[in-house]
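Quick notes on the structure that follows.
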Amino acid sequence: SQGVHSFSMQILSGIPEIRTALRDLRGDCNVGLVPTMGALHAGHYSLVQAARQRCGVVVASIFVNPTQFAPNEDFSRYPRTLEEDCRILEAEGVDMVFTPTADMMYPPNASTFVEVAGVSERLDGASRPGHFRGVATVVAKLFHIVQPEFAFFGQKDAAQVAVLRQMVRDLNLPVELVVCPIVREPDGLAMSSRNRYLSADERRQALVLFRALEVGRTLAEQGEHRAANLLQAMTGTLQQEPAIRMDYAAVVDPDTLLPLEDVRSGALLAVAAYVGSTRLIDNILLPPSS
Ligand code: PAF
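Our numbering puts the first residue of the sequence shown at 50, with every later residue one more than the last.
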């Protein structure tokens, strides 16, 4: 009808349909999967671009996964912008978009979950119990449905990356994870679908997350290698913005998410804070130094 864009890219919501369509398209090509919850931003575009560079067929999924939200979280108000997302994905050269419904992904009798013990209880997993069980389960299902050779995730969700790497290792999944750098606004704010929730004041207050990380990085570059001192400086910086509520600041091993004492062999500096009612996260990877 008038005003409704028609897509040449395939948009499929059924699991049998996407399987059949992929069987026809795959040929000798590598398939790349970009799993998303929609509300796409430049961070997602960079994942699609990385997928295009490596893979002959690029599939994006858009699914706001109910099992990774706790009852008190923002599942029902999470931004849903399907039409706009599909326009962007088509323009970025995606071949196929998978948009299942919750009933298709979780039929009423579904009772199997993927639990990546240990790492799932750290950082965001500590603040959001059950979150990574939902993430690991839905990503494992997407891998089985799409059977990609490569799957693309953003470094913004550093704990998610650690959980999924462990899952791929533990379950011998035949997929290579490609982790793409954080994309930032010109003033440093990490791109996030949840930035849409921020008022103008909150948008300004949110900059303290990146500032805290930069303070940590600068200290490390100046030769400070004791994690406790980096952490203290990061926490002190977050406290300079009284309008936000810190959830965590951490200096950890990027694979295990366990706290480090010394950052000379590389470290993940990570922060999470509530800005108004919006929970934001950000991080920086410190490379190994001598
Ligand atoms: O990072 C996200 O957007 C989600 O956690 C993911 C990986 C699509 C799983 O629902």
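Glycine residues also receive a C-beta, built at the ideal position from the N, C-alpha and C atoms.
To the nearest angstrom, how far is the alpha carbon of Arg218 from that of Val224? 10 Å
Residues in the same chain with beta-carbon distance under 8 Å from Leu131, minus the five sequence neighbours each way, listed in chain order, please. Gly87, Ile111 and Thr148
Would you mind reading off the limits of the alpha helix (DSSP H) that contains Leu256? Leu256 to Glu270
Start and end residues, alpha helix (DSSP H) containing Phe192: His180 to Val195
Would you list the residues sitting across from Ser110 in a DSSP beta bridge? Pro84 and Phe147
Which residue or residues does DSSP assign as beta-bridge partners of Glu225? Phe199
May I have the straight-line CA-CA distance separating Ala109 from Ala298, to the nearest angstrom? 32 Å
Ligand 1 site residues, beta-carbon cut 6 Å against heavy atoms: Pro84, Thr85, Met86, Asn114, Gln117, Val184, Val187, Val188, Asp206 and Gln209
Selection from Gly167, Val188 and Asp302 that minimises the alpha carbon distance to Phe202: Val188
At the level of alpha carbons, what is the spacing between Arg275 and Glu310? 6 Å
Going by DSSP, which residues form a beta bridge with Leu334? Leu317
Indicate whether Arg136 and His54 have their beta-carbon atoms separated by less than 9 Å. yes
For Thr186, does the count of other Cβ atoms within 10 angstroms reach 16, so buried, or fall short, so exposed? buried
Do Gln204 and Pro230 have their C-beta atoms closer together than 9 Å? yes
Looking at the unbroken beta strand (DSSP E) that takes in Gln59, where does it start and where does it end? Gln59 to Leu61
Do the region 75-94 and the region 239-251 touch if we need at least three Cβ pairs shorter than 8 Å? yes
When DSSP builds the beta bridges, which residues end up paired with Tyr246? Partner(s): none; Tyr246 has no beta bridge.
Which residue from Pro291, Leu61 and Val107 puts its Cα closest to that of Cys78? Val107
List the endpoints of the continuous beta strand (DSSP E) containing Ala298. Ile293 to Val301
Would you grab the beta carbon distance between Leu82 and Leu191 for me? Rounded to a whole angstrom, and I think it's under 8 Å. 7 Å
Excluding the 5 residues preceding and the 5 following Glu251 in the sequence, name in chain order all residues of the same chain whose CB lies nearer than 6 Å to its CB. Val324 and Gly325
Taking the alpha carbon of Ser57 as the point to measure from, which residue in Val228, Val165, Thr327 and Met145 has its own alpha carbon closest? Met145
Through-space distance from Asp173 to Asn158, alpha-carbon basis: 29 Å
Flag this pair as yes or no: are the beta carbons of Met283 and Val264 separated by less than 9 Å? yes
Contact check, Gln215 vs Gly167, beta carbons under 9 Å: yes
If you drop the 5 nearest sequence neighbours on each side, which residues of the same chain put their C-beta closer than 6 Å to that of Val113? Met86 and Tyr127
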